[in-house]
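Residue numbers (the working numbering): 687 to 1092.
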């Protein structure tokens, strides 16, 4: 992409800043939980409906708060897309900065469409309003399964934080295991020998999982809690339950750990005679960044004025984070970038999922940083649209990496 096109993107975004600022503020000041983002859905679709040339689909693919905005140049070409997250955290508002993610993606989509329109370029731009990223259930996964992304060539998104600026983010895969033990009640003083203690089974399992951690990899994370430990201390407990979340560098490794943890659960039942039921709920896949797309993002991020700290790492160094996102599942379906960006005041305050970050994500400084991200994402998309052979290289890399990981 030429420097003239980047300058065009830069000017366009600056011209749109004051129209995007109230939208960003509205989402931040009206936090809504996963799959309940009705105000955000309405505000974003209303905003996009006012944009010339965009077709907006509300409550897309049967998800009430999902939406899709499409700009079609009218000439066949690559389909580039941006994901806009909207959901907030329980009791903490937008402490994960999804208002900034939505702003950056809308900004990027508008800027990319502007370049297509102004320079008569072929191709199509899609912005997906993706609900329910927090927790388990992933709106992107549901949209993916429904076929919403079937014609999309690349998927771009960003995420705010305090530690780094990087388009080469690798996230962890995760899954949740719920375990229930069914024993036999008895009085703990009069006739404990008549009972089968479900809580003992759970305690054995809990301790076995704790011991298992000694032989896991540095990138593995296993957390467990007891969700039902009985109601009275003087009984042999007929029922007990717990939950476990597993994170690992790859989905394949999560599968290995699932079996190890399940063995710990079965051991508790074997030792006590209780009956065990294990429910495994798939979470999100690890995110696999596309290095060709990341290189484009880096080039345009650094070409924009006043490059903020910290700098994007040199070369092809990955940025590993132990968080998880449903953009990971998207990255297994098509080439993807999930660009992290640090917002002020950075390390002086708390990271995502803290009250400090909820405050930071609503500031003008964070909004300005999101606009910069939007410019770099738009530059990446336009690069794919105008650079001969780039999309082929992007897809070739994606296919090779996918074969290695699966």
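Cβ atoms here follow ideal geometry from the backbone N, Cα and C, with glycine treated the same way.
Name the residue from the options whose alpha carbon lies nearest to the alpha carbon of residue i.
| i | options | result |
| --- | --- | --- |
| residue 781 | 736, 841, 719 and 760 | 719 |
| residue 939 | 922, 929, 920 and 904 | 904 |
| residue 872 | 866, 882, 1046 and 864 | 882 |
| residue 838 | 1086, 824 and 1071 | 1071 |
| residue 739 | 800, 1091 and 1012 | 800 |
| residue 653 | 1052, 1012 and 982 | Given that the chain is displayed from residue 687 to residue 1092, the structure contains no residue 653 and the question cannot be resolved. |
| residue 795 | 755, 874 and 776 | 755 |
| residue 987 | 1055, 726 and 1092 | 1055 |
| residue 874 | 825, 886 and 1049 | 886 |
| residue 1077 | 763, 788 and 1017 | 763 |
| residue 690 | 955, 1075, 989 and 1012 | 989 |
| residue 958 | 1038, 867 and 1014 | 867 |
| residue 961 | 856, 1009, 869 and 815 | 869 |
| residue 974 | 927, 1090, 949 and 951 | 1090 |
| residue 971 | 1088, 896 and 956 | 1088 |
| residue 1032 | 1025, 1047 and 1024 | 1047 |
Using a Cβ-Cβ cutoff of less than 6 Å, which residues in the same chain neighbour residue i once the five nearest sequence positions on both sides are dropped?
| i | result |
| --- | --- |
| residue 876 | none |
| residue 832 | 747 |
| residue 1094 | The first residue shown for the chain is 687 and the last is 1092, placing residue 1094 beyond what the model contains. |
Quick check on the burial criterion: 16 or more other C-beta atoms within 10 angstroms. Buried or exposed for residue i?
| i | result |
| --- | --- |
| residue 820 | buried |
| residue 1007 | buried |
| residue 804 | exposed |
| residue 993 | exposed |
| residue 723 | buried |
Please work out which residues of its chain come closer than 8 Å, Cβ to Cβ, to residue i, disregarding the five sequence neighbours upstream and downstream, and give them in chain order.
| i | result |
| --- | --- |
| residue 1041 | 778 and 781 |
| residue 1020 | 835, 838, 839, 840, 841 and 1084 |
| residue 830 | 1015, 1016 and 1019 |
Does the Cβ-Cβ distance between residue i and residue j come in under 8 Å?
| i | j | result |
| --- | --- | --- |
| residue 912 | residue 888 | yes |
| residue 930 | residue 909 | yes |
| residue 730 | residue 792 | yes |
| residue 809 | residue 765 | yes |
| residue 849 | residue 884 | no |
| residue 1012 | residue 760 | no |
| residue 710 | residue 816 | no |
| residue 770 | residue 827 | no |
Could you name the residues of the same chain whose beta carbon sits closer than 7 Å to that of residue i, not counting the 5 residues immediately before and after it, in chain order?
| i | result |
| --- | --- |
| residue 797 | 695, 698, 699, 1060, 1061 and 1064 |
| residue 861 | 932, 940, 944, 966, 967, 968 and 969 |
| residue 737 | 796 |
| residue 953 | 890, 891 and 894 |
| residue 1010 | 857, 858, 859, 860, 933, 969 and 970 |
Determine, for residue i, whether the minimum Cβ-Cβ distance to residues of chain C falls below 8 Å.
| i | result |
| --- | --- |
| residue 753 | Considering every chain present, this structure includes no chain C. It has just one protein chain. |
Under 7 Å: does the beta carbon of residue i sit that close to some heavy atom of the ligand FAD?
| i | result |
| --- | --- |
| residue 1015 | Absence of the ligand FAD is noted for the structure shown, with no ligands found whatsoever. |
Practice prompt. Report the residue ranges of all beta strand (DSSP E) runs contained in full by the region 955 to 1032; include only those spanning at least 3 residues, in chain order.
Written response: As summarised for the region 955 to 1032, the continuous beta strand (DSSP E) elements at least 3 residues long and confined to that stretch are 961 to 968 and 1022 to 1028, given in chain order.
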